[in-house]
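There are 2 protein chains.
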Amino acid sequence: MRKKVVARSLVGTMATLMAVSTVYAEEIVHDAQYNILERQHGEKWQAEDIEIDAKLAEIRDNNGGKRPNIVYILVDDLSYGQMGNRKMNHVMGVKTENINQFATEGLALERMYTEPSCTPTRAAMMTGRHPIRSGSSEVKVTLVGEGLSKEEVTIAEVLSEAGYNTSHVGKWHQGDIEESYPHNQGFDYAAFPAHQQVQLSLMTKEAAFANNLFGFEPSIQSNDFVIDDTFRPNGMVTGLEARKGEKAKEVAMPAGHVWSQADYHAMNVRYQAQAIEQLQELSKSEDPFYLQYWPLYPLNFVHDQTPNESLNGGFMAEKLQLLDTWFGEFLQEMDNLGITDNTIVVLMADNGLMYHYGGPSGLSELIYRGGKTDFLEGGIRTDAYVRWPAAIEANSSAGDIIHVSDLFTTLATIGQATDHIPRDRVIDGINQTPLLLNGEFHGRRDYVYVYQGFRLAAVVKDEFKMHMPAPGMPGAAAPVFNVYRDPREENAHIGMALWSGASFQDMIKRHQLTIEKYPHLPLGKGAPYSGIENLRPETEKLVADFMSWH
Amino acid sequence: MRKKVVARSLVGTMATLMAVSTVYAEEIVHDAQYNILERQHGEKWQAEDIEIDAKLAEIRDNNGGKRPNIVYILVDDLSYGQMGNRKMNHVMGVKTENINQFATEGLALERMYTEPSCTPTRAAMMTGRHPIRSGSSEVKVTLVGEGLSKEEVTIAEVLSEAGYNTSHVGKWHQGDIEESYPHNQGFDYAAFPAHQQVQLSLMTKEAAFANNLFGFEPSIQSNDFVIDDTFRPNGMVTGLEARKGEKAKEVAMPAGHVWSQADYHAMNVRYQAQAIEQLQELSKSEDPFYLQYWPLYPLNFVHDQTPNESLNGGFMAEKLQLLDTWFGEFLQEMDNLGITDNTIVVLMADNGLMYHYGGPSGLSELIYRGGKTDFLEGGIRTDAYVRWPAAIEANSSAGDIIHVSDLFTTLATIGQATDHIPRDRVIDGINQTPLLLNGEFHGRRDYVYVYQGFRLAAVVKDEFKMHMPAPGMPGAAAPVFNVYRDPREENAHIGMALWSGASFQDMIKRHQLTIEKYPHLPLGKGAPYSGIENLRPETEKLVADFMSWH
Chain Z
1 MRKKVVARSL VGTMATLMAV STVYAEEIVH DAQYNILERQ HGEKWQAEDI
51 EIDAKLAEIR DNNGGKRPNI VYILVDDLSY GQMGNRKMNH VMGVKTENIN
101 QFATEGLALE RMYTEPSCTP TRAAMMTGRH PIRSGSSEVK VTLVGEGLSK
151 EEVTIAEVLS EAGYNTSHVG KWHQGDIEES YPHNQGFDYA AFPAHQQVQL
201 SLMTKEAAFA NNLFGFEPSI QSNDFVIDDT FRPNGMVTGL EARKGEKAKE
251 VAMPAGHVWS QADYHAMNVR YQAQAIEQLQ ELSKSEDPFY LQYWPLYPLN
301 FVHDQTPNES LNGGFMAEKL QLLDTWFGEF LQEMDNLGIT DNTIVVLMAD
351 NGLMYHYGGP SGLSELIYRG GKTDFLEGGI RTDAYVRWPA AIEANSSAGD
401 IIHVSDLFTT LATIGQATDH IPRDRVIDGI NQTPLLLNGE FHGRRDYVYV
451 YQGFRLAAVV KDEFKMHMPA PGMPGAAAPV FNVYRDPREE NAHIGMALWS
501 GASFQDMIKR HQLTIEKYPH LPLGKGAPYS GIENLRPETE KLVADFMSWH
Chain Y
551 MRKKVVARSL VGTMATLMAV STVYAEEIVH DAQYNILERQ HGEKWQAEDI
601 EIDAKLAEIR DNNGGKRPNI VYILVDDLSY GQMGNRKMNH VMGVKTENIN
651 QFATEGLALE RMYTEPSCTP TRAAMMTGRH PIRSGSSEVK VTLVGEGLSK
701 EEVTIAEVLS EAGYNTSHVG KWHQGDIEES YPHNQGFDYA AFPAHQQVQL
751 SLMTKEAAFA NNLFGFEPSI QSNDFVIDDT FRPNGMVTGL EARKGEKAKE
801 VAMPAGHVWS QADYHAMNVR YQAQAIEQLQ ELSKSEDPFY LQYWPLYPLN
851 FVHDQTPNES LNGGFMAEKL QLLDTWFGEF LQEMDNLGIT DNTIVVLMAD
901 NGLMYHYGGP SGLSELIYRG GKTDFLEGGI RTDAYVRWPA AIEANSSAGD
951 IIHVSDLFTT LATIGQATDH IPRDRVIDGI NQTPLLLNGE FHGRRDYVYV
1001 YQGFRLAAVV KDEFKMHMPA PGMPGAAAPV FNVYRDPREE NAHIGMALWS
1051 GASFQDMIKR HQLTIEKYPH LPLGKGAPYS GIENLRPETE KLVADFMSWH
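From first to last, the protein sequence lines are chains Z and Y. For the first sequence, this note's numbering assigns the number 1 to the initial residue and increments by one for each residue that follows. For the second sequence, this note's numbering assigns the number 551 to the initial residue and increments by one for each residue that follows.
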């Protein structure tokens, strides 16, 4: 409600604008770029918000006053087009029939932008903030003694404070220190690996003998020159489980056991079972729930010794098809529990495919160029589908720009939890509830600042995308692409885009000024594996090695 | 029926095989590669054919004994993914809602191969033969005094002899001599341009001032060095109309008139009106009809001076969106006439997009690499949808390989016209009626010989595609791609494909032996514009220039 007061002020005179700054203290703080939009559309949006609030109230009334449950399923490393579309299924020789069906049951968000890698995308969604603001821009693979800061406020905390029950199952990848674990970041229950798939599927004997891994596995080459055993980290923590307020425990990993692809598969099977278990548990309560299921699949680095099912047969393609059947089971369980109608289900991927394993993985560049780690559309555009039968029109789609951080603000709005969003920092996430409920052309974002790690690499506005110019090149001559006409960003029309150079430069200045006013916050720091009560001896040794230079 | 006798024989002993050759005289002659398949599946296919024949008879019984009408709509230069899919619509910023809807009303043929350019694809469909066999491999742009030979037997002739009424409206591009015109190749009625869009949309003042054309238009540069006026052909014939047995007449082109983009648009509008007119006329008869509507759009080379409608705004993208509305009107007229249920409608493109106009046309490479003129999948894979409510399952799709020449044999089979297919030459088209009626995995082709003009450029088998090796490179080391895993054909895995080298070489030998046994036939030759009764003076001059060196 408070926002609307500001919106009205913003369209007033300059004098009013000056006065607004005091009101901002109670407002969610957005990037200056968003305020530019609000200045232009504030009155219309205010009217629409009133209508939306009434709709949401009506839906709650129809559900005995209960707010909707929310399920957020985030799969790992799939580029736009790789799930939810029959035509693309035929291209890839993979069937995702359950996802294809799901994609027609709600709103397909066809221009969803993410960050280019796992940790940043997940941090953006969790905090509603570009990962640069929370220090979460980098992907960490082994021990780092770092993680999402306790100062950050996650969507789980926001919804939890507003009365939601919260669970997290699957990949987390937000750090290896106690404060960063999901059960310390707003989740009542969490089952998650301490790291990610490089450890779980790539650092194995199977991957080495399949020629997908250099030299980590000692039995695949002579190691006569090896003097430093710590360069290859052995003994890392695998799967953890915990409840809020408890210490975490490593599970299914006896001391001395050597991790293998079979363990990775078993972990995936376990998370699928636990996700369904959580669904069953959470749906028993009178209170609504927020369940995150972040599967590790389809990211995978080696064939199992089982017959493949897809026409493609690649080691990631296979897991994509398997994941589709699991997704079908999950949705079926929602039907069985009778919670489908008033549960929002968001399904998307965290970033583009890990194309570095192109051929044998079975998945390659499809429509957009690039993949994970790239600022090209292939790195930061993913399929995204939202179903909420009580409120969202079936078989609809929208080409409006949306960024993964918008889910934070949007879900908080729908969950009547926006009072718990902090006002002392920039929230990049925009409330896109109107897009969800009113459909295409009701989005409130027409831009994205695209970071590649700590570097601002590109800026998106409407159908235009500017790649940051090389050092020394004037901004007016930066390469600009039209993503409708040149989806693969192959032909920059510098001359044709000269008119937009100044506007892009203004956008960057606004963004930088916002950062100056609200400086970035630091990543959390601590001892790796703090807050885990059953470290194995091999893990203790690894931690000791790490701490010896800290 | 005769084929079944052979099929049974083929699975018999060598002695039986030797005896079969005499039966072949009555059989449709296929490439040896197909006979290899028939040897393996003859008995099963024979049983399926009996079942299919019964189905077809039943459908005819349900329609008062009438065979289905056939509408074949072939649009110009669109790559796979560019029509009929909502997700791809969002990528391109173009809406093809009518085509998307149509794509769900029947069978989507998701692995349709064409030839890489207009003339060869259209010749392949017309004759059921690879264009190399009829001399139709080359695309001709201006006067050539050549065209589809009267010795070739087209699908229109085959169906016409079996009692179908036949009409052709739109692009033809099979030559500029009398025998090659559609009304002399089996069509009762024809309205068609003598050439194609290079003349009709590119060789204009508008294209020159839009920077899409070099130097043809005299007013855009000084021509002080020009000595030879014939290098720029002026006075070419534009739109023609005729009925079987009549001379052709040029229409809507007064002597002295200078052709412009407005004329091109008017021609497109006229063909749309004439296609609907033909639909109305043809549906009055007791006999079934075969109607070809081959729009010139979306191929286009310049913006009209009218506001664009699509988010994309490119000069081809715009016409794609326009074409979609026209297609909707055409289908609506079918509904109005009550002929939808028992009419087969095939909608597809003739080859990949003309990506040479990438940016400003609005259409660029999408999924597959390459476009028109290329042997890459981007040149020879197109969207293809078949609707026949009486017989084909709605909302189905098939990843089976099919080649555009298969339509010849398939439509002849459904039209009970196979007796009129000549037995003295190779027919590459395979009867794919089982695929249409029984769906995915019932296709009878697992290979395609890919020609680029007169050159065998690639061979497709299952998910594999071999690019012909460079001269001097052994066949075993030819680059082989897996099109599911590497749809853009970017990473040849020569080492991994070594096993297939010999098999691909066998395929090429079989194909060459078939050619030796049944040599290619020559293209028709004659005077350009023969059989046109109202040549303009400027055209007479052009013909005189041409004949002066013939």
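Ideal Cβ placement from N, Cα and C applies to all residues, glycine included.
In this structure, Z/GLN321 lies near Z/THR96, with their beta-carbon atoms less than 9 Å apart. Y/GLY697 sits in a strand when the DSSP states are folded into three classes.
Our two residues, Y/ARG793 and Y/ASP969, have alpha carbons roughly 25 Å apart in a direct line. At least 9 Å separates the CB of Z/ALA47 from every CB of chain Y. Y/ASP950 sits close to Y/ARG995, with the two beta carbons spaced by under 9 Å.
Counting only Cβ-Cβ distances below 8 Å, Y/ASP1036 has contacts in chain Z at GLY358, GLY359 and SER364, in chain order. Within the DSSP bridge table, the entry for Z/TYR113 names Z/ARG381 and Z/HIS403 as partners. For Z/GLU281, none of the residues of chain Y pass the 9 Å Cβ criterion, the least Cβ distance being about 35 Å.
In the structure shown, Z/VAL91 falls within a helical segment according to DSSP collapsed to helix, strand and coil. The beta carbon of Y/VAL691 lies closer than 6 Å to those of VAL748 in the same chain, with the five residues before and after it left out.
Taken in chain order, the unbroken stretches of beta strand (DSSP E) that lie wholly in the region 722-762 of chain Y and span 3 residues or more are 739-743. Burial check for Y/THR780: the Cβ neighbour count within 10 Å stays below 16, so the residue is exposed.
The C-alpha of Y/PHE865 lies about 46 Å from the C-alpha of Y/GLU1066. Nearest to Z/LYS150 by alpha-carbon distance, out of Z/SER180, Z/PRO471 and Z/SER364, is Z/SER180. Annotation for Z/GLN33: the continuous alpha helix (DSSP H) segment containing it runs 32-62.
Y/SER629 has its alpha-carbon roughly 11 Å from the corresponding atom of Y/THR664. Residue-level contact check: Z/ILE220 does not touch chain Y, since none of the beta carbons of chain Y fall below 9 Å from its beta carbon.
Looking at the DSSP output, Y/VAL776 shares a beta bridge with no other residue.
Annotated three-state conformation of Y/TYR905 is helix, per DSSP. Contact between Y/LEU606 and Y/VAL936 does not hold, since their C-beta atoms are separated by about 15 Å, which reaches or exceeds 8 Å. Following the DSSP letters along the chain, one finds Y/MET1016 inside the beta strand (DSSP E) bounded by residues 1014-1017. Under the DSSP assignment, Z/ILE28 falls outside any alpha helix (DSSP H); it carries neither an H nor an E label.
Here DSSP, grouped into helix, strand and coil, assigns Z/ILE427 to coil. Taking the CA atoms as reference points, Z/GLU463 sits about 25 Å from Z/CYS118. Within chain Y, the residues whose beta carbon sits less than 7 Å from that of Z/SER397 are ARG636 and HIS640, listed in sequence order.
The beta carbon of Y/GLY864 falls within 9 Å of a beta carbon belonging to chain Z, placing the residue at that interface. Out of Y/ASN650, Y/ILE826, Y/ASN635 and Y/ALA940, the CA that lies nearest to the CA of Y/VAL719 is found in Y/ILE826. By the Cβ rule, the region 152-169 of chain Z does not count as touching the region 74-94 of chain Z, because fewer than three pairs are nearer than 8 Å. Z/ASN491 reaches chain Y at GLY908, GLY909 and SER914, counting residues in chain order whose Cβ is nearer than 9 Å. For the pair Y/VAL1009 and Y/MET1018, the Cα-to-Cα distance works out to about 8 Å. The residues LYS3, THR409, THR418, ILE421, ARG423 and ILE427, in chain order, have a CB closer than 8 Å to that of Z/ILE28 in the same chain once the five nearest residues on each side in sequence are set aside. Among the CB atoms of chain Y, none fall inside 9 Å of the CB of Z/ARG455. At least one CB of chain Z lies nearer than 9 Å to the CB of Y/LEU861. Annotated as distal: Z/MET236 and Z/THR433, with beta-carbon spacing of 9 Å or more. Taking a cut-off of 8 Å for Cβ pairs, the region 469-486 of chain Z and the region 912-925 of chain Y touch, as three or more such pairs fall below it. Taking all protein chains in view, the Cβ of Y/ARG589 is surrounded by fewer than 16 other Cβ atoms within 10 Å, so the residue is classified as exposed.
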